[in-house]
Structures are given as C-alpha cells and as structure tokens.
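Some notes on the structure that comes next.
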Amino acid sequence: MQKNAEQKIGEGPCLDLPITLGTELIIELVNLKHRIKSSLVGMEQGKYIIVKLSENDLIGNFRSEHVKESPMIIRYLHRGAVYGFKSSIVNIVSIPAKLFFVTYPTKLEEFTVINNARHECILPAVTMIGNDFVDMVIIDISKQGCLCMIKTKAQNNEALFAGVQVNKTIDIKAQFPGTDGKFGLKGKIRNVSKDVDKILLGVQFDEMPPDVKDRLDNFLSLIAKVRDRQ
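The opening residue of the sequence shown carries number 9 in this note's numbering; numbering runs sequentially from there.
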C-alpha cells in the first residue's frame, strides 16, 4: 500500500527489520551534526546491530567520547522506501575493521521515496543548495518522486553533502524535452547517499500545480511508449 507520509510500521524489542546484510546505511550523529556512510554487517535481533564504517567516509577520532555519547539516527533504502530509526552506540571496535555496535531499534519509521512505476531517464535540472545553484540530472522519475544525481569534485563533495538533509524541502527546476523554460518540481528529500564523485537524492514530490502535473504526466507517458517499443 502506498504511504504518503512517514508512518510508524513497527514497535517492540523484537521488531523484525526489513533489511538485508550489506545494505548501505547513513548514520547521523545528532549532537555532532555529522553524517557518515556505513553498511550493515550483522545483528542479534532485539539486542544490537553491527555496522561497518566506510573507509572513504570516516570521521576523525571515531572512538572519542563525543562520538560514543551522541544519539544517532540511522536511515537506509529498502525496496523503494526509506526506513529510519533512533539508536545509540553500545561499543566501538577498531580491529580488524572499524565497527559500531548500536542498540537494536524498538520503533521503525517508513518514508516513501517513489513507487514502483518509475522510469529511468536523463533529465537536466538545477537546484539551490545553500547559496549556490547546483546542476543535477534526474535519473529516474515517477508521479510521486524522483532520484537525482549531482556530479561532484573531491574539493566540494563534503560541502554539498552537508547542505542536503533528509526531510528538507528542495525546489528542483527541470527541463522537459520539447518545452521552453524549466518547470518547478518541489518536494522533500527522503534519502541521501554519496560516493567519491556523486551525490544521490531521493525526492518525494509535493502537490503540483496543474500545468506542472500535466507536463510530468506527458513526459512519463512518452517514456512508457518508448520503452514499450523496445
């Protein structure tokens, strides 16, 4: 069933998490206002979760008391939806890998990103992050949302990543084929991930003006017809 807002989907110490080993996680250290990339490497249901920090996305002194004492929010993408839960660090291990043992969630929230009727595309767009206009490409899209890719360079990757936050409103100006000017696609960021040279944003659209909705519907119809002919 399609969900239009965040919803509590489970609660209790033995919550069955919809997740698989190796899933990429975004950990937000609340007190430090810092996000790090990690992956799920193990868990004991109802007790703890084990996450491995990315070698390319480590914080400075990750064993410090500031890190240990900071509450955290963990988010991940699974089958087209973003899940999130609050947690805290139980233990930190350095060898043979940099691992966080974190508390097992008692409550899980689900945030819809886009539904299954999504279409791959290459749609030029632009948005504003901080005080700068940033070029991006919409790489898949549906009536409910889209996935955007921002190509970055090493020197501005962290600055851009720090400027985007889950649940933050974003205003995207997209250029549809065969039209003059750009159309505004406004929505909320539901998922954020980054690599060495790119940042990916999952966006859930807000209610659209009729002209923008018509333009998007026409574009989706065109993509569907092209796909059917292949």
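Think of the CB as a built atom: it goes at the ideal place given N, C-alpha and C, for glycine as much as any other residue. Given the structure is predicted, the values throughout are model-derived calculations rather than measurements.
Cβ-Cβ distances below 7 Å link alanine 182 to Leu131, Ala133, Ile146, Lys190, Phe191, Leu193 in the same chain, with the five nearest sequence neighbours on each side left out; the list follows chain order. For glutamate 73, the uninterrupted alpha helix (DSSP H) run begins and ends at 73-77, by DSSP. Beyond the five residues adjoining it in sequence on each side, leucine 29 comes within less than 8 Å, by CB distance, of Leu48, Val49, Gly50 in the same chain, given in chain order.
One alpha carbon belongs to leucine 61, the other to tyrosine 84, and they sit about 14 Å apart.
The criterion of a C-beta distance shorter than 8 Å is not satisfied by phenylalanine 108 and valine 38. Under the three-state reduction of DSSP output, leucine 33 falls in the strand class.
Runs of the beta strand (DSSP E) lying entirely within the stretch 177-236, each at least 3 residues long, are 177-182, 191-202, 206-213 in chain order.
Beta-bridge partners assigned by DSSP to proline 132: Val145.
With contact defined as three or more Cβ pairs closer than 8 Å, the stretch 165-172 and the stretch 200-219 are in contact. In the structure shown, asparagine 139 falls within a coil segment according to DSSP collapsed to helix, strand and coil. Counted as a single uninterrupted DSSP element, the stretch harbouring glycine 54 is not any beta strand (DSSP E), since DSSP gives it neither H nor E. Closest option to methionine 80, judged by alpha-carbon separation, among Lys94, Glu73, Ala89, Gly186: Lys94.
By DSSP's assignment, phenylalanine 108 forms a beta bridge with Val59, Ile100. Isoleucine 207 places its beta carbon less than 8 Å from that of isoleucine 158. DSSP, read as helix, strand or coil, puts leucine 168 in helix.
Within a 10 Å sphere around the beta-carbon of arginine 87 sit fewer than 16 other beta-carbons, which makes this residue exposed.
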